[in-house]
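Below is one structure, written out as structure tokens; comments come after it.
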Ligand SMILES: [Zn+2]
């Protein structure tokens, strides 16, 4: 048995190369109809493998509900002995090729692309130039992020399917939309739950094979978790006034700019684990309500920012956002009163406090206020609005626009026109996950990365390190969650689009929860013209390390 599993990967480099070259030709750009080309590739490829051809239900497409592009998750299920199961995931979508400019037509032909890049190598970074000269990396769109890792997984399951007898089970998932809202992975967890029920599977480990980036050239990285991502929004309703009568109004830009400066790059939002830290937040969107010029201040300002998390819940993030909104509002009122006192002194006006009071509510509170004032009529119109937005979203409106469109619709029913802040969350939501937070990890899982580090050193003389979090955001976020009920409740309170345009099945994720690891080839310049993957990793080392990991967990 031991020999069989080690010999199993003999000559696998040829398989990986063939699969990869065919796979990248699907040009499955994220969030486009082209993603379905990858589905065709999989079905065609697996229909030619003996085991899958002869085993009904062992591979196929799993529909993503209500998907405007009608995309599917591809799955292959290798049923061996026992209940222990390893899940291999990778995403089949790729970034666009805008920055390839005149080289677009070579983006999916690594050899030709190399020839072209050599011609312009002096315009490339030193590092890319060196990798071209040394010929140690393979260039091409999607080759690194992440069809290289995907091809390794496909090549491995093909080999496992040819074994006489295989211990445990493998589920391979190729999911679309990872670069966008992860609709593929959010659907795939439902499939995992169905397979779990049907076959009584015991999910032991989820392996993703996203490329890893290196801090230094000689140290590879395994990640035993993945950062979370959450996107709070803030909507500030001011009080309109002419620019000559500033104290009669309240400028929402004033409030919003305080909120932005208190949150942008604020390390208080960035949690720490060991010597890892989440990068601090940054604002992704910021607009006022003016669409033409006049001499009055804008009525409202809206924006949202992205927070990466290592160990925070939506509840704790929302609490922090609320506090910052309250603090900012109070400061603006103080600023205004101070300014007014100076103005009044200078002009002989009577001294008084301005009329402003701070008010901060979450989306659900705003909704309840509108419903209380306008009852059934509001609720009927609100539901119609949601349908209308779902249609707009399917036809290309951004999720951010849909969110604020809905908020402004609710505001039409609000009778209190005094300034206030409404805060909440915009999809997507990626939970933070890490084996670090899992209680009762099985011994073979908790010692896995140490064993792989030892293996890589002995077999390839390669140094590897383990980190608790993959910081590039990945679908591993959906491998486990705790206290899903409370999380869903918090999301429901604050994320207006949840359950309509967007959903995240946290209860199902909790049901299938399993530890995770990312084992992928060394890659560089993801999403750029010079995207590339290390050839030795792609063809030789990474497939063997993943094979080792699977054979440890499934005891082959
Ligand atoms: Zn990726």
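Residue numbers (my numbering): 42 to 597. All residues carry an ideal CB built from backbone N, CA and C; glycine is no exception.
Residue 70 - DSSP class collapsed to helix/strand/coil = strand
Compute the beta-carbon to beta-carbon distance between residue 275 and residue 297, rounded to the nearest angstrom, for a pair I have assumed lies under 8 Å.
-> 7 Å
Measure the C-alpha to C-alpha separation of residue 94 and residue 179 and round it to an integer number of angstroms.
-> 32 Å
Distance CB(residue 250)-CB(residue 190) smaller than 8 Å = yes
Measure the CB-CB distance between residue 64 and residue 188 and report whether it falls below 8 Å.
-> yes
Just to confirm, does residue 132 get its C-beta within under 7 Å of one of the non-hydrogen atoms of ligand 1?
-> yes
Should residue 187 be listed as close to ligand 1, given that the test is whether its C-beta is under 7 Å from any heavy atom?
-> yes
Under the three-state reduction of DSSP, which class applies to residue 62: helix, strand or coil?
-> helix
Excluding sequence positions up to five away, which residues of its chain have a Cβ less than 7 Å from the Cβ of residue 441?
-> 326, 345 and 467
Buried or exposed (CB count within 10 angstroms, at least 16 for buried), residue 91 | exposed
Using beta-carbon positions only, say whether residue 509 and residue 315 come within less than 8 Å of one another.
-> yes
Closest residue to residue 459 among 52, 277, 527 and 48 (Cα-Cα distance) = 277
Say the cut is 7 Å; is the CB of residue 76 nearer than that to a heavy atom of ligand 1?
-> no
Going by Cα to Cα distance, which pick from 208, 404 and 229 is closest to residue 218?
-> 229
Using DSSP with H/G/I as helix, E/B as strand and the rest coil, what is residue 378?
-> helix
Segment limits, alpha helix (DSSP H) that includes residue 602 = Outside the modelled stretch of the chain, which goes from 42 to 597, sits residue 602, for which no answer is possible.
Let me know the secondary structure DSSP gives residue 498 once reduced to three states.
-> helix
Is the Cβ-Cβ distance between residue 210 and residue 126 less than 8 Å?
-> yes
Nearest-angstrom Cα separation, counted from residue 376 out to residue 487 | 54 Å
Can you tell me the Cβ-Cβ gap for residue 134 and residue 69, rounded? I've got them flagged as a contact below 8 Å.
-> 5 Å
The beta strand (DSSP E) spanning residue 214 covers which residue range?
-> 208 to 216
Is residue 559 closer than 8 Å to residue 515 when the C-beta atoms are compared?
-> yes
Can you give the Cα-Cα distance for residue 235 and residue 552, rounded to whole angstroms?
-> 11 Å
Keeping to the same chain, check which residues put their C-beta closer than 7 Å to that of residue 409; ignore five residues upstream and five downstream.
-> none
Residue 272 by DSSP, collapsed to three states: which one?
-> strand
Residue 349, enclosing beta strand (DSSP E) - first and last residue = 341 to 350
With DSSP run on the structure shown, which of helix, strand or coil describes residue 221?
-> coil
Counting only runs that start and end within the region 267 to 342, where is the alpha helix (DSSP H) found for 4 or more residues in a row?
-> 293 to 304
Whole-angstrom C-beta distance between residue 371 and residue 414, which should lie under 8 Å = With a Cβ gap of about 27 Å, residue 414 and residue 371 do not count as contacting.
For residue 62, I'd like the list of residues in its chain whose CB is within less than 8 Å of its CB, leaving aside the five on either flank, ordered along the chain.
-> 151
For the putative contact between residue 464 and residue 362, defined by C-beta atoms under 8 Å, what is the C-beta separation to the nearest angstrom?
-> 5 Å
Below 8 Å, can you find three or more Cβ-Cβ pairs linking the region 533 to 543 to the region 435 to 451?
-> yes
Residue 572 beta carbon near ligand 1 (any heavy atom closer than 7 Å) | no
Take the Cβ of residue 283 as the centre, count every other Cβ of all protein chains shown within 10 Å, and call the residue buried at 16 or more, exposed below.
-> exposed
State the CB to CB distance for the pair residue 306 and residue 293, rounded to an integer number of angstroms; the pair is presumed to be in contact (CB under 8 Å).
-> Wrong, their Cβ atoms sit about 22 Å apart, outside the cutoff.
Is residue 378 near residue 390, with beta carbons less than 8 Å apart?
-> no
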